[in-house]
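To start, the structure under review is shown below, and the notes come after it.
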Amino acid sequence: MSAPYQAVIQAALSRWAQVAKITFQQVADSASANIRMGWGSFTGSQVGQTDYSYGQSDNKFVSGVTVRLQDPALSAVAATTSANYSGTTTSLYQVALHEIGHALGLAHNTDPNSVMYATLGRSNLDLDQTDIDGIQALYGASADATITPESTMVTIKAAITAQNAPIQTDSTLPSGQVAVYRFFDTSNGTHFFTASTNEADTIAKTRPDLVAEGASFMEHGTTEAGDTAVYRFFNSNNGTHFFTNSASEQASILSTRQDMHYEGIAFYAPII
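First residue of the sequence shown: 1, per our numbering; consecutive thereafter.
This is the structure:
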């Protein structure tokens, strides 16, 4: 598997590690590896498969798992996290997320917005709360878990690295303010913003398709007088993010747009 495709797989592994107490380490291919991943050949609509060598241990992890993903030489797919297999609405990143979920002990479920649903498409591009609850029931929550519904951002002073250039959080920021980091998505030409140094660090390490552009502005990590919450949604149709500070718009999207996955409060901003 070439390095660009490995980066997509590593992004999927890191996504699970973001929300659960799991650590992955890449090793040389061996029959003794916990999870072996590579290309496979499938017919029809199948694009991935996870094979177990024996039953679950302690209801948590299954040793000797082989994950096979449809070979791009057989069904064309670009080496980005948003590219779909030719003729489908399913991406390599999605399939990797799904099959890694099986390797970690999750079965199919009945939530159509879950990445562990039996069918992958535009409605389940990423983990939803069902996936997060399931994996955390097995492994516990990660200390570095990214935002979930009804949560706020936590600021941690740390150095992160992107494009071989260190980015430092500013220890002299005014009290209550946090840097909002900006990333350019090379797959669709949009920008992504986050006030979480943990999330920015993970993106810099695992998402080569997202180019770090540094801290673009400052906002508040916790609510202050005169502030309004800025809500973040993931658009499962095109892989972009949507931000709004309107509570009524947030409520409307939650009730009418199943394709928009609520990811919580991104940060707080002064009311203009």
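Every residue, glycine too, gets a C-beta built ideally from N, C-alpha and C.
Next on the checklist: Considering only their Cβ atoms, is the gap separating residue 201 from residue 186 smaller than 8 Å?
Outcome noted: No; because the gap between Cβ atoms is not below 8 Å, this pair is not in contact.
Checklist entry - Given residue 182, which residues of its chain have a CB within under 6 Å of its CB, disregarding the five upstream and five downstream residues? => result So the list reads 191, 193, 213 and 216, once near-sequence residues are dropped.
Checklist entry - Exposed or buried, which one is residue 243 when buried takes at least 16 other CB atoms within 10 Å? => result Residue environment: residue 243 is assigned as exposed (fewer than 16 neighbouring CB atoms within 10 Å of its CB, all protein chains considered).
Item to check | Same chain, Cβ closer than 7 Å to residue 253, five either side skipped, listed in chain order | outcome: Taken in chain order, the residues that qualify are 233 and 260.
Next on the checklist: Would residue 90 and residue 138 be called neighbours here (beta carbons separated by less than 8 Å)?
Outcome noted: No, these two residues do not count as a Cβ contact at 8 Å.
Next on the checklist: Counting C-beta neighbours from all protein chains within 10 Å, is the total for residue 236 16 or more, i.e. buried, or is it exposed?
Outcome noted: That one is buried.
Next on the checklist: Taking only three categories from DSSP, how would you classify residue 74?
Outcome noted: Per DSSP, reduced to three states, the secondary structure at residue 74 is coil, with no helix or strand assignment.
Checklist entry - DSSP state of residue 15, grouped into three classes? => result DSSP places residue 15 in helix when its eight states are reduced to three.
Checklist entry - Identify the residues that DSSP records as bridge partners of residue 84: which are they? => result Residue 84 has 91 as its beta-bridge partners, per DSSP.
Checklist entry - Roughly how many angstroms lie between the CA atoms of residue 71 and residue 86, to the nearest whole one? => result Rounded to the nearest whole angstrom, the CA to CA distance from residue 71 to residue 86 is 12 Å.
Checklist entry - Whose CA, out of 4, 109 and 122, lies closest to the CA of residue 129? => result Comparing Cα positions, the closest option is 109.
Checklist entry - Where does residue 199 sit, in a helix, a strand or coil, going by DSSP? => result Three-state DSSP puts residue 199 in a helix.
Checklist entry - Start and end of the beta strand (DSSP E) containing residue 265? => result 260–270 is the span of the beta strand (DSSP E), which, as asked, contains residue 265.
Next on the checklist: Taking 8 Å as the threshold (C-beta atoms), are residue 125 and residue 96 in contact?
Outcome noted: With contacts defined by Cβ atoms closer than 8 Å, residue 96 and residue 125 do not form a contacting pair.
Checklist entry - Should residue 80 go down as buried or exposed, given a rule of 16 or more other Cβ atoms within 10 Å for buried? => result Classification for residue 80: buried.
Checklist entry - Fully enclosed by the stretch 208–256, which beta strand (DSSP E) runs are 3 residues long or longer? => result Counting only runs of at least 3 residues, the stretch 208–256 fully encloses the following beta strand (DSSP E) elements, listed from N- to C-terminal order: 210–220, 227–235 and 241–244.
Next on the checklist: Considering only the alpha carbon of each residue, which of 28, 229 and 134 lies closest to residue 250?
Outcome noted: Minimum Cα distance to residue 250 is reached at 229.
Checklist entry - Looking only at its own chain, which residues have a Cβ that is under 8 Å from the Cβ of residue 219, when we skip the five neighbours before and after it? => result A distance below 8 Å between beta-carbons, with the five flanking residues on each side excluded, links residue 219 to the following residues of its chain, in chain order: 177, 178, 180, 195, 230, 267, 268 and 269.
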